[in-house]
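Below is one structure, written out as structure tokens, with a few remarks after it.
In this note's numbering, the protein residues as written are 7 to 87.
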């Protein structure tokens, strides 16, 4: 669980480094969605790995959706650029 959280955190943090290079509102949306996704998805997995109650895991899919939407917004910003 910890390894999955670290991998997703790492790859999406790298994507965040590219977001400021894209112009427009879609890039800003992508950045915020990726940040939210990292916090919720990876954060919930980190918490579970550290012994949080299983109910914390219910937030993980919400973070996953935020990451997917972040990538879609990133793609939209890249296509507009």
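A virtual CB, placed ideally from N, CA and C, is assigned to each residue, including glycine.
N-terminal and C-terminal residue of the alpha helix (DSSP H) that residue i is part of
i, result
"residue 35", "31-43"
"residue 67", "66-86"
"residue 19", "8-24"
"residue 48", "Taken as a continuous stretch (DSSP letters only), residue 48 belongs to no alpha helix (DSSP H), as it is neither H nor E."
Sequence-distant residues of its chain with Cβ nearer than 7 Å to residue i (five each side left out)
i, result
"residue 46", "65, 68, 69 and 72"
"residue 21", "40 and 80"
Collapsed DSSP secondary structure at residue i in the structure displayed
i, result
"residue 63", "helix"
"residue 58", "coil"
Residues of its chain near residue i, where Cβ-Cβ distance is below 8 Å and the 5 sequence neighbours each way are ignored
i, result
"residue 62", "50, 53 and 54"
Determine contact between the segment 75-83 and the segment 50-59, defined as no fewer than three beta-carbon pairs at a distance below 8 Å. no
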